[in-house]
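S.K.: A single structure is presented below for examination.
In our numbering, the protein residues as written are 212 to 403.
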């Protein structure tokens with residue numbers, strides 16, 4: 212009985228949010244946490260703010276609104292979000308379309324964030340594009356990036372910023388603040 216209670220309590224924090232995310236994603240986050248040693252609540256928070264738990268999404272910055280042919284609009288959902296004097300473009304569709312679109316954008320010189328954890332194209336080889344939208348692969352890639360950031364930056368604040376912005380010098384910790392707000396909102400009252 213004690214063993215079952217321990218297992219239940221280990222998985223409880225993510226199970227509470229099961230109505231927000233699919234069971235496949237919740238299980239993949241737990242698995243990645245166990246394999247990497249990175250807290251599952253941290254991975255949950257990153258997945259939430261990066262993609263809103265959507266593994267079939269890409270995002271990039273564009274000077275202009277991004278549009279596609281009318282006949283493709285039924286399968287491909289595009290959102291152009293004003294950002295400074297540019298747009299953050301989010302594209303949601305199936306894996307095969309995303310692979311093709313991401314590949315074309317990268318060839319055109321765009322920096323593209325992909326999948327559940329929004330892995331940037333600078334961290335992905337051309338061969339890896341075939342796997343980047345698979346949950347386990349995307350999470351393994353993200354935990355490797357996060358571990359690298361933790362090793363390089365030492366503090367949590369700088370490590371979270373590094374995950375989002377890379378190794379460049381940071382003067383504005385807006386991504387960390389967003390992470391912290393989301394983490395506190397979702398986990399402040401949960402004991403683990």
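C-beta atoms are modelled at their ideal positions from N, C-alpha and C, and glycine is treated no differently.
(1) I need the DSSP call for residue 399, collapsed to helix, strand or coil.
(2) Please report how far the alpha carbon of residue 311 lies from the alpha carbon of residue 340, in whole angstroms.
(3) Determine the burial state of residue 232: buried for a count of at least 16 other Cβ atoms within 10 Å of its Cβ, exposed for fewer.
(4) So residue 300 packs on residue 313, CB below 8 Å; how close in whole Å?
(5) Pick out whichever of 380, 352 and 348 has its Cα sitting closest to the Cα of residue 363.
(6) Which residue from 394, 263 and 278 puts its Cα closest to that of residue 287?
(7) Rounded to whole angstroms, how far is the Cβ of residue 252 from the Cβ of residue 398, which I believe are closer than 8 Å?
(8) Give the DSSP-derived three-state secondary structure of residue 347 in the structure shown.
(9) Bridge partners for residue 294 per DSSP, in chain order?
(10) Apart from the five residues on each side of it in sequence, which residues of its chain come closer than 6 Å, Cβ to Cβ, to residue 335?
(11) Which residues does DSSP list as the beta-bridge partners of residue 303?
(12) So does the segment 348-355 actually touch the segment 289-309, counting three or more Cβ pairs closer than 8 Å?
(13) Ordered along the chain, which non-local residues of its own chain (more than five positions away) have a Cβ less than 6 Å from that of residue 371?
(14) Using a Cβ-Cβ cut-off of 7 Å (strictly less than) and excluding sequence neighbours within five positions of residue 291, which residues of its own chain qualify?
(15) Report the three-state DSSP secondary structure of residue 366 (helix, strand or coil).
M.R.: Taking the geometry as given:
(1) Here residue 399 refers to the residue found at position 188 of the chain shown. Coil.
(2) Along the chain shown, one-based indexing puts residue 311 at 100. Along the chain shown, one-based indexing puts residue 340 at 129. Spanning the two alpha carbons is a distance of roughly 9 Å.
(3) As a working note, residue 232 is residue 21 in the chain shown. Buried: at least 16 other Cβ atoms inside 10 Å.
(4) Looking up residue 300 in the chain shown gives position 89. Looking up residue 313 in the chain shown gives position 102. Wrong, their Cβ atoms sit about 12 Å apart, outside the cutoff.
(5) As a position in the chain shown, residue 363 is number 152, starting the count at 1. Cα-wise, what sits closest to residue 363 is 380.
(6) The residue you call residue 287 lines up with position 76 of the chain shown. Out of 394, 263 and 278, 278 has the C-alpha closest to the C-alpha of residue 287.
(7) For the purposes of this step, residue 252 is taken as the residue at position 41 of the chain shown. For the purposes of this step, residue 398 is taken as the residue at position 187 of the chain shown. The Cβ separation is near 5 Å, so the contact holds.
(8) For this step, residue 347 is matched to residue 136 along the chain shown. In the structure shown, residue 347 sits in a helix (DSSP, three-state: H, G or I).
(9) Stepping through the chain shown from its first residue, residue 294 is reached at position 83. DSSP output for residue 294 lists 297 as bridge partner(s).
(10) What you label residue 335 is simply residue 124 of the chain shown in a count that begins at 1. So the list reads 343, once near-sequence residues are dropped.
(11) The residue given as residue 303 occupies position 92 in the chain shown. Residue 303 pairs with 268 and 288.
(12) no
(13) Here residue 371 corresponds to residue number 160 of the chain shown, with the count starting at 1. For residue 371, where only same-chain residues beyond five positions count, the Cβ hits under 6 Å are 387 and 390.
(14) Residue numbering aside, residue 291 sits at position 80 when the chain shown is read from its first letter. Within the same chain, residue 291 has close Cβ partners 276, 277, 298 and 300.
(15) What you label residue 366 is simply residue 155 of the chain shown in a count that begins at 1. Coil, per DSSP.
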